[in-house]
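Peer 1: First residue of the sequence shown? That's 144 in the numbering used here, and the numbers climb one at a time after it. The structure under discussion is supplied below as structure tokens; questions concerning it will follow.
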Amino acid sequence: MKDPIIQTFSLTKAFKDVIAVKNLNLKVSRGIYGLLGLNGAGKTTTIKMMVGSLFPTQGSIEIFGQNIHRNAKMDIHKRIGYVPEHPTYFLSMTAEKLLTYIGSVFQMSIQEIKRRITELLRLVELTDAKSRIIAKYSAGMKQRIGIAQALMNDPELLILDEITSNLDPIGRNQMIELLKDLKKQGKTIFISTHVLPEIQKMNADSIAIIDHGHLIMEGTVDKLNEELKTKEIVISPNHKLLREALFSVVSNIKEEEDTLVVNTDKLDEVWQLIAKVALQNNILIKEFRSTFLNIEQIFMKALNSKQIEGIEK
Ligand SMILES: Nc1ncnc2c1ncn2[C@@H]1O[C@H](COP(=O)(O)OP(=O)(O)OP(=O)(O)O)[C@@H](O)[C@H]1O
Ligand SMILES: [Mg+2]
144 MKDPIIQTFS LTKAFKDVIA VKNLNLKVSR GIYGLLGLNG AGKTTTIKMM VGSLFPTQGS
204 IEIFGQNIHR NAKMDIHKRI GYVPEHPTYF LSMTAEKLLT YIGSVFQMSI QEIKRRITEL
264 LRLVELTDAK SRIIAKYSAG MKQRIGIAQA LMNDPELLIL DEITSNLDPI GRNQMIELLK
324 DLKKQGKTIF ISTHVLPEIQ KMNADSIAII DHGHLIMEGT VDKLNEELKT KEIVISPNHK
384 LLREALFSVV SNIKEEEDTL VVNTDKLDEV WQLIAKVALQ NNILIKEFRS TFLNIEQIFM
444 KALNSKQIEG IEK
């Protein structure tokens, strides 16, 4: 498969005076890619442009190396599965009818359609509900039929907008496992979310953080950690003198039983200070370790530093 799978070039979308997406340059390679942003950041608008349901005001998108707005051919759409944020399927259809219809759109044979329906309904655990009309499904069941319809044509690329929002905790974990399996099969999964621990659990290969339609950061978790330089430092014991000394370097200290936890880019400074205070006061340091930030911490840090710099709108 050609890499990058998706690339956006100065992608911009304005709705009258609201600029929903501004000069977005994303590069999506094989694997799981998380598009992260708060409510209103521009995730759905970006996705709608990717699947061709919205036209960019400026800029362009290539998927599998082809400009999707200029050459939006069936052969490209055949290779993409899409689950919208608020699916509006043919609600009067049963799951079985909907999947049969989708199979026929993709010109699959009757036998292939039947085989695939059995397989997919089992995968999303809707076999027992296959003859009920979708309008009567719960929100989570609708989301599950959404993923089944997106997988019907065995696409190479899945574009999922907030796929887990209506799922119960078991459903969420099943979805995460399913997406990890699909990745193992070589598929690329582009997923938008603001539920950051889920992206962490999926072991996303890359993430992009957007805010007010602007790209703030894009890359692998390791690369973003390097860019931010911030580390989480864990110090034990939680001693009054160590705590007081730390306040001269960092303002935010979390206390967890016998440990002190700080997020800072001043690793050397913190270590020198802790070593000095410990030596002077005969405090035995039980633990001093630094770890990279998780995705949620990266996200918060990236948004906060951008707010300090100010975003040009
Ligand atoms: N059809 C539209 N007309 C006018 N403004 C719109 C339209 N669609 C989106 N917007 C605006 O564009 C911005 C981005 O919206 P978008 O739906 O892309 O955000 P999002 O990141 O998907 O948010 P959420 O997490 O809430 O789903 C918002 O300010 C929104 O109000
Ligand atoms: Mg959205």
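Glycine included, each C-beta is placed from N, C-alpha and C at the ideal position.
Determine the extent of the alpha helix (DSSP H) in which Q150 is found, giving its start and end residues.
Peer 2: Here residue 150 refers to the residue found at position 7 of the sequence shown. From DSSP, Q150 is part of no alpha helix (DSSP H) but of the beta strand (DSSP E) over 149-158.
Peer 1: When you compare only the Cα positions, how much space is there between R315 and L371?
Peer 2: Numbered from 1 along the sequence shown, position 172 holds the residue referred to as residue 315. Numbered from 1 along the sequence shown, position 228 holds the residue referred to as residue 371. Whole-angstrom Cα-Cα distance: 30 Å.
Peer 1: Return the residue from the list K374, T402, T373 that minimises the CA-CA distance to R386.
Peer 2: Within the sequence shown, residue 386 is the residue found at index 243, counting from 1. Answer by Cα proximity: T402.
Peer 1: Rounded to whole angstroms, what's the CA-CA distance from I438 to A291? Just pull it up for me.
Peer 2: Looking up residue 438 in the sequence shown gives position 295. Looking up residue 291 in the sequence shown gives position 148. Their backbone Cα atoms lie some 28 Å apart in a straight line.
Peer 1: Check each candidate in L427, G289, N309 and name the one with the smallest Cα separation from I378.
Peer 2: Counted from its first residue, the sequence shown places residue 378 at position 235. The residue with the shortest Cα to Cα distance from I378 is L427.
Peer 1: Mind listing, in chain order, the residues whose beta carbon lies closer than 7 Å to a non-hydrogen atom of ligand 2?
Peer 2: Listed by chain position, these are K186, T187, E228, D304, E305, S335.
Peer 1: With a threshold of 6 Å, establish whether the CB of N182 neighbours any heavy atom of ligand 1.
Peer 2: Here the question's residue 182 lines up with position 39 in the sequence shown. Yes, since a heavy atom of ligand 1 falls inside the 6 Å radius drawn around the Cβ of N182.
Peer 1: Within the present structure, is the beta-carbon of V338 separated from the nearest heavy atom of ligand 1 by less than 6 Å?
Peer 2: Position 195 of the sequence shown, counted from the first residue, corresponds to residue 338. V338: no, Cβ never under 6 Å from ligand 1.
Peer 1: CB L436 to CB N368, shorter than 7 Å?
Peer 2: In the sequence shown, residue 436 corresponds to position 293, counting from 1. In the sequence shown, residue 368 corresponds to position 225, counting from 1. A contact, by the Cβ cut-off of 7 Å.
Peer 1: Looking only at C-alpha atoms, which of S203, P199, R275 sits nearest to F233?
Peer 2: Within the sequence shown, residue 233 is the residue found at index 90, counting from 1. With distances taken between Cα atoms, F233 lies closest to R275.
Peer 1: Counting only the same chain and skipping the five closest in sequence on each side, list residues whose C-beta sits under 8 Å from that of K285.
Peer 2: In the sequence shown, the residue the question calls residue 285 occupies position 142. These residues qualify, in order along the chain: P230, Y232, I277, N309.
Peer 1: Contact criterion: CB-CB distance below 7 Å. Does P147 meet it with respect to chain E?
Peer 2: The structure shown has no chain E; it contains just one protein chain.
Peer 1: Is the distance from the Cβ of T434 to the Cβ of E375 below 7 Å?
Peer 2: Here the question's residue 434 lines up with position 291 in the sequence shown. Here the question's residue 375 lines up with position 232 in the sequence shown. In this structure, E375 lies closer than 7 Å to T434 by Cβ.
Peer 1: Are K471 and Q201 close, meaning C-beta to C-beta below 7 Å?
Peer 2: Because the chain spans 144 through 456 in this model, residue 471 falls outside it and cannot be assessed.
Peer 1: Three-state secondary structure (DSSP) at N406?
Peer 2: In the sequence shown, counting from the first residue as 1, residue 406 sits at position 263. Note: N406 maps to strand in three-state DSSP.
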